[in-house]
Amino acid sequence: MMLTAIFTRKKTPVQVAVFMIAASITFVSERLNKLGAEHWKRFATQNYFDPSGVFMSAVVSGPLLLVLFIVLVNYLRNCVALLVEAKKKELIWRAKQRAKEAKKEASGKGGATDKKED
Numbered sequence: 820m821m822l823t824a825i826f827t828r829k830k831t832p833v834q835v836a837v838f839m840i841a842a843s844i845t846f847v848s849e850r851l852n853k854l855g856a857e858h859w860k861r862f863a864t865q866n867y868f869d870p871s872g873v874f875m876s877a878v879v880s881g882p883l884l885l886v887l888f889i890v891l892v893n894y895l896r897n898c899v900a901l902l903v904e905a906k907k908k909e910l911i912w913r914a915k916q917r918a919k920e921a922k923k924e925a926s927g928k929g930g931a932t933d934k935k936e937d
């Protein structure tokens, strides 16, 4: 899942899916720990699922929280890039508006003096 989060950093829908899956598993890890504690004999030789949930935190939730952090940093990086792009476009638009106004003022003043001289 971590590799998916890293290699799909430019694909927002995949990032959203990774984030939601990791968050959901982390959210239900306490319940999964209780379920594992009840049925550990079916799939293990030793009960790793203690009441405090240390095993689930270390093995499941910890790595998933790291994945969530990676996706979050990627979201922030994308937001910064979008803000920079929007600000550039705004500055270009303002420069064009100023140029239009300056051209209008220059042609307006020049045209007014030409009419008075005729």
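For any residue, its number in the working numbering is found by taking its place in the sequence shown, counting from 1, and adding 819.
Every residue, glycine too, gets a C-beta built ideally from N, C-alpha and C.
Excluding the 5 residues flanking it on each side, Phe-838 has same chain C-beta neighbours closer than 7 angstroms at Leu-887, Val-890, in chain order. For the pair Met-875 and Ser-848, the CB atoms are nearer than the 8 angstroms cut-off. In this structure, Leu-883 and Ile-911 do not form a Cβ contact; the two beta carbons are roughly 42 angstroms apart against a cut-off of 8 angstroms. Between Ala-856 and Asn-866, the CB-CB gap stays under 8 angstroms. Straight across, the Cα-Cα distance linking Leu-895 with Lys-907 is about 18 angstroms.
Taking 8 angstroms as the cut-off, the beta carbon of Trp-859 is found closer than this to the beta carbon of Phe-868. Of the other Cβ atoms in all chains shown, 16 or more fall within 10 Å of the Cβ of Ala-841; this residue is therefore buried. Secondary structure note for Ala-863: it is in no alpha helix (DSSP H), with a DSSP letter that is neither H nor E. Residue burial annotation: Ala-914 is exposed, with fewer than 16 other C-beta atoms found within 10 angstroms of its C-beta. For Gly-881 against Asn-852, the beta-carbon gap comes to about 13 angstroms, at or over 8 angstroms, which does not count as contact.
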